[in-house]
Amino acid sequence: MAFNFAHLNPFGRPKAEGTTPPGASQAETPQAQAGDTDQGTGDGKETDKEGNGKEKPAAGADAQASAVAERERCAAILAAPAAAGRVQLACHLAFNTGLSVADAVTALEAAPSTAAAPEAPGNPNALAAMDAHPNPAVGGAADTSGQSGDDKAAAAVLASMAACGLIPKKDGK
Numbered sequence: 001m002a003f004n005f006a007h008l009n010p011f012g013r014p015k016a017e018g019t020t021p022p023g024a025s026q027a028e029t030p031q032a033q034a035g036d037t038d039q040g041t042g043d044g045k046e047t048d049k050e051g052n053g054k055e056k057p058a059a060g061a062d063a064q065a066s067a068v069a070e071r072e073r074c075a076a077i078l079a080a081p082a083a084a085g086r087v088q089l090a091c092h093l094a095f096n097t098g099l100s101v102a103d104a105v106t107a108l109e110a111a112p113s114t115a116a117a118p119e120a121p122g123n124p125n126a127l128a129a130m131d132a133h134p135n136p137a138v139g140g141a142a143d144t145s146g147q148s149g150d151d152k153a154a155a156a157v158l159a160s161m162a163a164c165g166l167i168p169k170k171d172g173k
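Everything in the sequence shown is counted per the UniProt record's numbering, starting at 1 for the first residue and increasing by one.
Here's what the structure looks like:
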């Protein structure tokens, strides 16, 4: 059994005109009937189905013009002087809404401007207060190799308390 991608095309026709899917003969492929579709003249315009010679613009040209107009609308919103300081709102109005340029600029002007991030709240005297107290001297532990486990623990607690100033140090300082 040969593998093909026919299951991806819901209409069972090949995408390119004049080609047949693998395994299908030319007779099995549905062909366009005489009045089904407009045959263009290659000038980018189509005639209407009645064949009265009136031309209508091609769908591709209309879509392209619409896309260009949308890009111009987005650019005008983002380039507006009111968008300065409100970039996030300007992007939202340009890309996620269908507002006209005038309406979007009016909304931008009414919105508060994004201010610089405020400094973190804090006490400016905090550093001075911390500097006023001496830091404990941190160092290596005393030689406790000849002491038992309880004596070592007691010595560690006393050394910590002395370092914090809760009890006087052994040398009297």
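Cβ coordinates follow ideal geometry from the N, Cα and C atoms, glycine included.
Other residues of its chain near residue i: CB distance less than 7 Å, five sequence neighbours each side excluded
| i | result |
| --- | --- |
| Val68 | none |
Residue i versus residue j - alpha carbon distance
| i | j | result |
| --- | --- | --- |
| Ala154 | Gly122 | 39 Å |
| Pro81 | Pro124 | 38 Å |
| Leu166 | Ala159 | 10 Å |
| Leu127 | Ala162 | 24 Å |
| Thr106 | Met130 | 51 Å |
| Ala61 | Arg73 | 18 Å |
| Cys91 | Ala59 | 29 Å |
| Ser148 | Cys164 | 25 Å |
| Ala63 | Glu109 | 32 Å |
Candidates the options: closest to residue i by CA position
| i | options | result |
| --- | --- | --- |
| Gly98 | Ser113, Val87, Ile77 | Ile77 |
| Phe95 | Asn135, Arg71, Ser148 | Arg71 |
| Ala79 | Pro168, Ser66, Pro112, Val101 | Val101 |
| Ala84 | Asp103, Ala111, Ala63 | Ala111 |
| Leu89 | Thr114, Ser145, Ala65 | Thr114 |
Local Cβ density within 10 Å of residue i, reported as buried at 16 or more and exposed below that
| i | result |
| --- | --- |
| Arg86 | buried |
| Ala156 | exposed |
Unbroken alpha helix (DSSP H) run spanning residue i, endpoints
| i | result |
| --- | --- |
| Leu108 | 101-110 |
| His133 | Careful: His133 lies outside any alpha helix (DSSP H) and carries neither H nor E. |
| Ile167 | Where Ile167 is concerned, there is no enclosing alpha helix (DSSP H), given that its DSSP letter is neither H nor E. |
Cβ-based neighbour list, residue i, same chain, cut-off 8 Å, excluding 5 preceding and 5 following
| i | result |
| --- | --- |
| Gln39 | At Gln39, the pLDDT of 48 sits below 50, so the modelled position is not reliable and the matter cannot be decided from this model. |
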